[in-house]
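J.:
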Amino acid sequence: GEVSNRVAAQIRRVASRLDYVANQAARNLRSGKTHEVVFVTAASLRFAHVHDLIEELQGALTDRRYRLDLELWRRPSEGPALYRTLARGRCDGVILYGIHPEHRGAIESMHKRGMPVVAIHAPEEIGMDTVDFDSTESARLGTAHLLERGHTRVAIIVHNPGFVAEALRLHGYRRALETAGLPFDESLIFACKVGTDLLPLWQRITRSTPPPTGIVCYNAEMSAQLVGVIRRHGVRIPEEMALVSLGDA
Numbered sequence: 019g020e021v022s023n024r025v026a027a028q029i030r031r032v033a034s035r036l037d038y039v040a041n042q043a044a045r046n047l048r049s050g051k052t053h054e055v056v057f058v059t060a061a062s063l064r065f066a067h068v069h070d071l072i073e074e075l076q077g078a079l080t081d082r083r084y085r086l087d088l089e090l091w092r093r094p095s096e097g098p099a100l101y102r103t104l105a106r107g108r109c110d111g112v113i114l115y116g117i118h119p120e121h122r123g124a125i126e127s128m129h130k131r132g133m134p135v136v137a138i139h140a141p142e143e144i145g146m147d148t149v150d151f152d153s154t155e156s157a158r159l160g161t162a163h164l165l166e167r168g169h170t171r172v173a174i175i176v177h178n179p180g181f182v183a184e185a186l187r188l189h190g191y192r193r194a195l196e197t198a199g200l201p202f203d204e205s206l207i208f209a210c211k212v213g214t215d216l217l218p219l220w221q222r223i224t225r226s227t228p229p230p231t232g233i234v235c236y237n238a239e240m241s242a243q244l245v246g247v248i249r250r251h252g253v254r255i256p257e258e259m260a261l262v263s264l265g266d267a
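Sequential numbering from 19 applies to the sequence shown in our numbering.
Shown next as structure tokens:
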């Protein structure tokens, strides 16, 4: 079934003259591969750490002649239909950044159908390859840092308590309080999204009785926004309100 070098060279010359481009769909049918990996997330593209993650994924996949496709879901109801579509062979693999609790069944079904999946920020018991840092320990260390400096009322700001990463952070927060012999106060947990108006958040924090003197923020962007609000209200940092950031994730 092979052609001679002379015929092959002639075919290439004609293809070049005609500006022929091979049909990728036909190639995919023959090879059984799409050479495409889909990155699925609900994280906003405004965030610097999401840009960095996409850039690294793109570079690694390009080196291996794969394309990166991006899928964003905005409402939890959008997730299951998307995962069913991916399970039908639309791509060669899926990278998940954050797993919503309502999506676990659809994701596990996609994985069982043979779709390779790697999850970022996912519980180990989900039964697939995961990549993560220790969210529990980072929150424990951040909270303990404030407690060791004499703060006995420490609040924590989370993005969404229902997300896996946030549950892990809250676990670390509670562990630090228990180690210090302090009670857990659910009223000191505040949910807020980066990029929104933080004035209502600050008002909720200051209405606590008594108000906290330390705050643990889930990422650097939230910390930076909150610093601006606090200073506009004449509160000194860290003398009157201390902040700890858990990073850019």
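Yeah, the Cβ is synthetic: ideal placement off N, Cα and C, and Gly gets one too.
1. Let me check understanding here. Comparing Cα to Cα, which of ALA124, HIS139, HIS118, ASP110 lies closest to LEU133?
2. Would PRO201 be called buried (16 or more neighbouring beta carbons within 10 Å of its own) or exposed?
3. Quick one: residues in its chain with C-beta nearer than 8 Å to the C-beta of ASP87, no 5 flanking neighbours on either side, listed in chain order?
4. ALA209 and ILE268 - do their beta-carbons sit closer together than 9 Å?
5. When you compare only the Cα positions, how much space is there between ARG192 and ALA173?
6. Rounded to whole angstroms, how far is the Cβ of VAL135 from the Cβ of VAL112, which I believe are closer than 8 Å?
7. When you compare only the Cα positions, how much space is there between THR70 and ASN23?
8. Just the C-alpha distance for GLY232 and LEU159, rounded to the nearest angstrom, thanks.
9. With distances taken between CB atoms, is the gap from ALA238 to GLY213 smaller than 9 Å?
10. What does ASP87 pair with, by DSSP beta-bridge criteria?
11. For ALA137, is the classification buried or exposed, using 16 other Cβ atoms within 10 angstroms of its Cβ as the cut-off for buried?
12. Could you check what DSSP says for VAL253 in three-state terms: helix, strand or coil?
T.: Straight from the coordinates:
1. Correcting the residue identity first, residue 133 is Met in this sequence and not Leu. For MET133, the nearest C-alpha among the options comes from ASP110.
2. PRO201 should be labelled exposed.
3. Excluding sequence neighbours, ASP87 sits near GLU54, VAL55, VAL56, PHE57, CYS109.
4. Because the chain is modelled from 19 through 267, residue 268 falls outside the range shown and cannot be assessed.
5. Near 11 Å, if we compare the C-alpha coordinates of ALA173 and ARG192.
6. Their Cβ separation, rounded to whole angstroms, is 5 Å, which keeps VAL135 and VAL112 in contact under 8 Å.
7. The amino acid occupying residue 70 in the given sequence is Asp; Thr does not appear at that position. Their backbone Cα atoms lie some 45 Å apart in a straight line.
8. Spanning the two alpha carbons is a distance of roughly 14 Å.
9. Taking 9 Å as the Cβ cut-off, ALA238 and GLY213 do not qualify as a contacting pair.
10. ASP87 pairs with VAL56.
11. Classification for ALA137: buried.
12. In the structure shown, VAL253 sits in coil (DSSP, three-state: anything other than H, G, I, E or B).
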